[in-house]
Amino acid sequence: MKKKLPIHHGMARGIEKRLKNTGLFIKRIWSHKQGKIGLTMVGFLVVVAIFAPYIAPFNPYDVAERTTKGLPPSSKHLLGTTINTGQDIFSMLVYGTRVSLIVGVTSGICIAIVGSILGVAAGYIGGLVDSLVMRIVDIMLVIPTLPLVIVLTNVLGRDYWTIILIFVALGWTGLARTIRSLVLVLKNSNYVKAAELAGASRWHIMIRHILPGTSHLLIMSTALSSAGIMVAEAGLSFLGLGDPTAISWGKMLAEAQRGGALLFGAWWWILTPGIGIFLAVFSFMRLGIVMEEIMNPRMQRSSGVYKVFKNLNSAYVEEVFNSMDDYAKIGVTPAFEHGKGEVTHETGLKA
Amino acid sequence: MKNTYVIKRIFYSLFVFVVVITLNFFIPRIGVVDPAERYYPPQGNMSEIEYEIIKQVTRKQYGFDVSTWQQYLNYLHGLSKGDLGKSFRPGSPAVIDLIVERLPWTLVLSVSTLLIGLIIGVMFGVVAATKRGRWQDTLLLNASTIMVAIPGFFIALMLSFYLGFELEVFPAYTDSNMVANFDWSLAAIRTVAYNAALPVLSMAVGSIIGHAQGTRNAVIAVTNEDFILTAKAKGLKQNTIRYKHILRNSMLPIVTSLGMSISGLIGGQVVIEQVFNWNGMGTLFLEANNTNDYPLMMGIMLLLSGFTILAILITDLVYVLLDPRVTVGDKR
Amino acid sequence: MKQVLKLRNLKVIFPTNYGIIRAVESVDLDIHERECVALVGESGCGKSVTSQSVMRLIDSPPAITRVDTLEFDGRDIKDYTPKQMQEIRGKEMGMIFQDALTSLNPVMTCGKQIDEMYIRHQGLSKEEAREHTVKALELVGLPEPRKRANSFPHELSGGMRQRVLLAMAFACLPKLLIADEPTTALDVTIQAQVLSMLRNMQRGCGTALLLVTHDLSVVSAIADTVYVMYAGKIVEKAPVRELFSTPHHPYTVGLMSAVPRLSDTERVFTQIPGTVPHPTQKPSGCYFHPRCQYATAECKKEMPPLKTIDSNREVRCHHPLSIRGVSHA
Numbered sequence: 063m064k065k066k067l068p069i070h071h072g073m074a075r076g077i078e079k080r081l082k083n084t085g086l087f088i089k090r091i092w093s094h095k096q097g098k099i100g101l102t103m104v105g106f107l108v109v110v111a112i113f114a115p116y117i118a119p120f121n122p123y124d125v126a127e128r129t130t131k132g133l134p135p136s137s138k139h140l141l142g143t144t145i146n147t148g149q150d151i152f153s154m155l156v157y158g159t160r161v162s163l164i165v166g167v168t169s170g171i172c173i174a175i176v177g178s179i180l181g182v183a184a185g186y187i188g189g190l191v192d193s194l195v196m197r198i199v200d201i202m203l204v205i206p207t208l209p210l211v212i213v214l215t216n217v218l219g220r221d222y223w224t225i226i227l228i229f230v231a232l233g234w235t236g237l238a239r240t241i242r243s244l245v246l247v248l249k250n251s252n253y254v255k256a257a258e259l260a261g262a263s264r265w266h267i268m269i270r271h272i273l274p275g276t277s278h279l280l281i282m283s284t285a286l287s288s289a290g291i292m293v294a295e296a297g298l299s300f301l302g303l304g305d306p307t308a309i310s311w312g313k314m315l316a317e318a319q320r321g322g323a324l325l326f327g328a329w330w331w332i333l334t335p336g337i338g339i340f341l342a343v344f345s346f347m348r349l350g351i352v353m354e355e356i357m358n359p360r361m362q363r364s365s366g367v368y369k370v371f372k373n374l375n376s377a378y379v380e381e382v383f384n385s386m387d388d389y390a391k392i393g394v395t396p397a398f399e400h401g402k403g404e405v406t407h408e409t410g411l412k413a
Numbered sequence: 563m564k565n566t567y568v569i570k571r572i573f574y575s576l577f578v579f580v581v582v583i584t585l586n587f588f589i590p591r592i593g594v595v596d597p598a599e600r601y602y603p604p605q606g607n608m609s610e611i612e613y614e615i616i617k618q619v620t621r622k623q624y625g626f627d628v629s630t631w632q633q634y635l636n637y638l639h640g641l642s643k644g645d646l647g648k649s650f651r652p653g654s655p656a657v658i659d660l661i662v663e664r665l666p667w668t669l670v671l672s673v674s675t676l677l678i679g680l681i682i683g684v685m686f687g688v689v690a691a692t693k694r695g696r697w698q699d700t701l702l703l704n705a706s707t708i709m710v711a712i713p714g715f716f717i718a719l720m721l722s723f724y725l726g727f728e729l730e731v732f733p734a735y736t737d738s739n740m741v742a743n744f745d746w747s748l749a750a751i752r753t754v755a756y757n758a759a760l761p762v763l764s765m766a767v768g769s770i771i772g773h774a775q776g777t778r779n780a781v782i783a784v785t786n787e788d789f790i791l792t793a794k795a796k797g798l799k800q801n802t803i804r805y806k807h808i809l810r811n812s813m814l815p816i817v818t819s820l821g822m823s824i825s826g827l828i829g830g831q832v833v834i835e836q837v838f839n840w841n842g843m844g845t846l847f848l849e850a851n852n853t854n855d856y857p858l859m860m861g862i863m864l865l866l867s868g869f870t871i872l873a874i875l876i877t878d879l880v881y882v883l884l885d886p887r888v889t890v891g892d893k894r
Numbered sequence: 042m043k044q045v046l047k048l049r050n051l052k053v054i055f056p057t058n059y060g061i062i063r064a065v066e067s068v069d070l071d072i073h074e075r076e077c078v079a080l081v082g083e084s085g086c087g088k089s090v091t092s093q094s095v096m097r098l099i100d101s102p103p104a105i106t107r108v109d110t111l112e113f114d115g116r117d118i119k120d121y122t123p124k125q126m127q128e129i130r131g132k133e134m135g136m137i138f139q140d141a142l143t144s145l146n147p148v149m150t151c152g153k154q155i156d157e158m159y160i161r162h163q164g165l166s167k168e169e170a171r172e173h174t175v176k177a178l179e180l181v182g183l184p185e186p187r188k189r190a191n192s193f194p195h196e197l198s199g200g201m202r203q204r205v206l207l208a209m210a211f212a213c214l215p216k217l218l219i220a221d222e223p224t225t226a227l228d229v230t231i232q233a234q235v236l237s238m239l240r241n242m243q244r245g246c247g248t249a250l251l252l253v254t255h256d257l258s259v260v261s262a263i264a265d266t267v268y269v270m271y272a273g274k275i276v277e278k279a280p281v282r283e284l285f286s287t288p289h290h291p292y293t294v295g296l297m298s299a300v301p302r303l304s305d306t307e308r309v310f311t312q313i314p315g316t317v318p319h320p321t322q323k324p325s326g327c328y329f330h331p332r333c334q335y336a337t338a339e340c341k342k343e344m345p346p347l348k349t350i351d352s353n354r355e356v357r358c359h360h361p362l363s364i365r366g367v368s369h370a
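Just so you know, the protein sequences line up as chains D, X and H, in that order. The opening residue of the first sequence carries number 63 in the numbering used here; numbering runs sequentially from there. The opening residue of the second sequence carries number 563 in the numbering used here; numbering runs sequentially from there. The opening residue of the third sequence carries number 42 in the numbering used here; numbering runs sequentially from there.
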């Protein structure tokens, strides 16, 4: 007999716990060396995007001023102005953050949602659902992404919401595959088997047991997908196929090239949006990689070994070796200093 | 055993191809009942009757006057004969002709990038793997993390700017007469190489680093395997171990990732061709997009997808050749 | 009798971010011609690292190794260059590992991998080497050796693979063979076959054998001398029969009682309480004292030295069990 377990109550508690875990997770990211960089940069970008109108000294859309065309960086125009329209590049940089972040993060989150649902369904339910989903994944893999995006924007429209939709529709495949592999493993874990034996329904197991097991993977994928989408959006805008009404870094690069920045040596116009793209993508990637490292702690990365060796205190190593000799020893093996970090008294090792 | 796998794999590719063809057929038909409206979108300044006549003529011209199902069959029939339809351009030239004209130019860039990326990348990767922890390895690691965040077209623009405009080492824009003047003479070939330098360089940077990273990881993973320890315990010479044991096994993951990377390369090339105004399929595709020339667009899409399917199939089969452990196809 | 291996004061550490792993702490080993020496201990006690150090297969990053004496067949190989070591390895010193499937190159046929030995160390041509390989496979009892030589490792069963490893290791008739858990991954029946094969090959080729294992039944089957290791240190050394009849170290006793036997009248599983110490955090004094029922305050404070008892037995214990104490006859 299949019991209908109380989902609502459990879900509320579950969500509470999940929020607490998320908080802990964020703390762990912060304590990671590079996690700090990632979080600060992402946070910084978010702030810039939200407060763009306050940060940008000029209205970037303002093309009325025709006397300020093609100016190099100065105290008034921190990053100079465009050649063709005299817009302030710094302001455009700031406003461009909005587009990149909105498109990137929204797509990233939606990809996480769609990818996880389909991945869990394919992995857990298996059979026809699995075959169907994986066939679709294989087919999408084969069609070159950028040309397909271009065709779809042509047919479906070029405003950013459509573009986000298209990105999500094409981008869920990678995640679904990874999630499915994870689900196949989770399927055989004890608590899932126990839930099945207890008669829990498939939905219940998928939502309450399997999905939470993939949560860390989802968060990491959101960060990485967002990074990837930002690059794709930049490329699309560069080709002139993005939303024509918005300011995007990709579009800035296209305008720079068309407006003769290369010809006239207006390096500030080319470098700025490029660095913008780089910073945004880089910070999200860093965040994603840090998250991955937290979830799969690798005891010793190969390069890590060499670092340890370089920082080794050779006198300390000698002491360790000497302590192994078979002389009659009185008392415990002595404690040793080792650079930073606490030392346990037992064998002179870092705590 | 193995043969079953190969046959299964080929059939699967054909299946995927058919699905892609079908998708290709239907995508431009999204949102319109009558494909003629794609060719000639409704404009406000003509009467209903005028518009209807124009649409009828168009339909006749492009074969839209039959049912959708019939159109589909005609399309398939045409494909079997190598006919990709008629372009919407004035004069309705055959799509396949337009493509073939530009195809070799795209291949010049693609093949060059592939070769350079693969050869140099694998070499770097092996060096980085053997000199773990030293500067070669750290350099690669840092380069990878940075390169992933820089879009190819930005590199292209920077190269175009510094090497093209500032230093004038290579042309920043492709010579517009390059194609017309090409006559297989040495001078013509030099011109092509000269013009291709920056596009290839832009794409090669990312490709080299990508392959280097993949190779490095593969080599390190293999080096940590048990059978390498056995090989050392057998007292084999360093070189024997490196080549016959480590490298030979590292090739497997490299080949797999090669196939996967193809579809990404294609997209990247479209943008790069645009940056340098290179006369290839990428720019043709973008032109088609700008003029809403659907038959041409979809023709190119189909070709690109076909290439990708073929490339993945070939890499899969090569993998089967290299790895004796593959028996029945395991859905990855 | 000639001594094949003389190892004195081997110490191996692995520095990590979490602390220094003291894998091997001052281990001595003596192996003589035709002798089968067993190195026994639970996983993580350092026996594999010890055995690989004999062949100097432990690389310097990630480890740091110190040794006072490493003499093989009378030669001091402590400072041999890698090239010199490559000459000895395979030819005079062989090693086989636990998992035959991962120990063999998956993309090379078994035959080719054995041919490699002959080509490398005896300078034979490919054809000559193949003849030797087939003979070797025949000797280890592989049916249809010529056909099997052209098989890939994954195409053979576990037992057959282990025989391939044996054939490969014995190919050049080494003076010393190190077998690291050769039977652990195998079924019991195959275990017996492999063990008897090991013993026959050992006797037939006159090879000394260093057998690393955690399985006491294997030890009782073919070993001559037994070294018991715990947490990186040798805690007992004895000839095999004496070890089993009168173990001196509480850990040895614990190991033996942990093996359930049909003849046991009690139906209780005796386990040594507690777990093996983490390699970065070893207890003070005697490493075994937290788990030892005979531990005293002295055991907690001081590490007992390895003392020689009788002529050929050694124990590292403050209170070794006497003959009248716990015995497991």
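Positions of the beta carbon are idealized from the N, C-alpha and C atoms, including for glycine. Since this is a predicted model, take the numbers as computed values, not measurements.
Apply the 10 Å Cβ neighbour rule to residue 156(H) and answer buried if 16 or more other Cβ atoms are within range, or exposed otherwise. Burial call: buried.
Stretch pair the stretch 283–297 of chain H + the stretch 251–271 of chain H: three plus CB contacts closer than 8 Å: At 8 Å Cβ cutoff, the stretches touch.
Using a beta-carbon distance cut-off of less than 8 Å, what residues from the stretch 47–69 of chain H approach chain D? For the stretch 47–69 of chain H, residues whose beta-carbon sits nearer than 8 Å to a beta-carbon of chain D comprise 50, 52, 54, 56, 57, 58, 59, 60, 61, 63, 66 and 67.
One question on the structure: do residue 52(H) and residue 386(D) come within less than 8 Å of each other, judged by their Cβ atoms? For residue 52(H) and residue 386(D), yes; Cβs fall inside 8 Å.
Residues in its own chain within less than 6 Å of residue 231(H) by CB, not counting five upstream and five downstream? So the qualifying residues of the chain are 200.
Just to confirm before moving on: does the CB-CB distance between residue 815(X) and residue 759(X) stay below 8 Å? The answer is no: Cβ separation not under 8 Å.
Contact set between residue 433(D) and chain H, taken where Cβ atoms lie within less than 9 Å: As displayed, chain D neither begins before 63 nor continues past 413, which places residue 433(D) out of reach and without an answer.
Inter-residue Cα distance where the pair is residue 356(H) and residue 284(H): Going from the Cα of residue 356(H) to the Cα of residue 284(H) covers about 11 Å.
Suppose you measure from the CA of residue 261(H) to the CA of residue 49(H); what does that come to, to the nearest Å? Straight through space, the alpha carbons of residue 49(H) and residue 261(H) are spaced by roughly 26 Å.
The beta strand (DSSP E) spanning residue 270(H) covers which residue range? For residue 270(H), the enclosing beta strand (DSSP E) has its first and last residue at 266–271.
Shorter than 8 Å from the beta carbon of residue 331(D) to some beta carbon of chain X? For residue 331(D), the answer is no, since every Cβ of chain X falls outside 8 Å of its Cβ.
What does residue 47(H) pair with, by DSSP beta-bridge criteria? Looking at the DSSP assignment, residue 47(H) forms a beta bridge with 71(H) and 112(H).
Beta carbons nearer than 8 Å to chain X: which residues of the stretch 144–175 of chain H have them? Only those residues of the stretch 144–175 of chain H whose C-beta falls short of 8 Å from the nearest C-beta of chain X are listed: 144, 145, 146, 147, 148, 149, 157, 158, 161 and 162.
Looking at chain H, is there any beta carbon in it that lies within less than 8 Å of the beta carbon of residue 352(D)? For residue 352(D), no Cβ of chain H is located within less than 8 Å of the residue's own Cβ.
From the DSSP output, which residues share a beta bridge with residue 63(H)? Looking at the DSSP assignment, residue 63(H) forms a beta bridge with 54(H).
Here's a check: name, in chain order, each residue in its chain whose Cβ is nearer than 8 Å to the Cβ of residue 159(H), leaving out the five neighbours to either side. Hits under 8 Å: 165, 169, 170, 173, 174, 212 and 213.
Quick one: complete beta strand (DSSP E) runs, 3+ long, within the stretch 275–355 of chain H? With a minimum length of 3 residues, the continuous beta strand (DSSP E) runs that stay inside the stretch 275–355 of chain H are 348–350.
Any idea what DSSP makes of residue 77(H), helix, strand or coil? It is a strand residue.
Could you tell me the boundaries of the beta strand (DSSP E) in which residue 106(H) lies? 105–107 is the span of the beta strand (DSSP E), which, as asked, contains residue 106(H).
Span of the alpha helix (DSSP H) around residue 558(X): An answer regarding residue 558(X) cannot be provided, because it is not within the stretch 563 to 894 covered by chain X.
Sorted by chain position, which residues of the same chain lie with C-beta nearer than 8 Å to residue 129(H)'s C-beta, five sequence neighbours on each side aside? Result list for residue 129(H): 113, 118 and 121, in chain order.
Counting only C-beta atoms, is residue 370(D) closer than 8 Å to chain H at any point? Closer than 8 Å: yes.
Assign residue 357(H) to one of three DSSP states: helix, strand, or coil. Coil.
If the criterion is Cβ atoms closer than 8 Å, does the pair residue 233(D) and residue 277(D) meet it? Not in contact: residue 233(D) and residue 277(D) (Cβ atoms no closer than 8 Å).
Should residue 716(X) be flagged as near chain D, meaning a C-beta pair shorter than 8 Å? Yes, contact with chain D.
Check whether chain D comes within 8 Å of residue 288(H), counting only Cβ atoms and requiring the distance to be less than that. When Cβ-Cβ separations below 8 Å define contact, residue 288(H) makes no contact with chain D.
Positions along the stretch 109–132 of chain H whose CB lies within less than 9 Å of some CB in chain X: Answer in chain order: 123, 124, 126, 127, 128, 129, 130, 131 and 132.
Stretch-stretch touch, CB-based, cutoff 8 Å, three pairs: the stretch 288–303 of chain D with the stretch 156–175 of chain D: Contact between the stretch 288–303 of chain D and the stretch 156–175 of chain D is present, because at least three Cβ pairs lie under 8 Å.
Does the beta-carbon distance from residue 108(H) to residue 91(H) come in below 8 Å? In this structure, residue 91(H) does not lie closer than 8 Å to residue 108(H) by Cβ.
Cutting at 7 Å between CB atoms, please list the residues of its own chain near residue 221(D), excluding the five before and the five after it. Around residue 221(D): 305.
Short check: CB of residue 77(H) to CB of residue 250(H), under 8 Å? It is a contact, given that the beta carbons lie within the stated cut-off.
Would you mind working out which of 379(D), 346(D) and 357(D) sits nearest residue 98(D), comparing C-alpha positions? Comparing Cα-Cα distances from residue 98(D) to each of 379(D), 346(D) and 357(D), the minimum goes to 346(D).
Kindly indicate which three-state DSSP category residue 236(D) falls into: helix, strand or coil? The three-state reading of DSSP puts residue 236(D) in helix, counting H, G and I together.
Would you say residue 251(H) lies against chain X (beta-carbon separation less than 8 Å)? Cβ-Cβ to chain X under 8 Å: no for residue 251(H).
Taking the CB atoms as reference points, tell me whether residue 725(X) and residue 861(X) lie closer together than 8 Å. Between residue 725(X) and residue 861(X), the CB-CB gap reaches or exceeds 8 Å.
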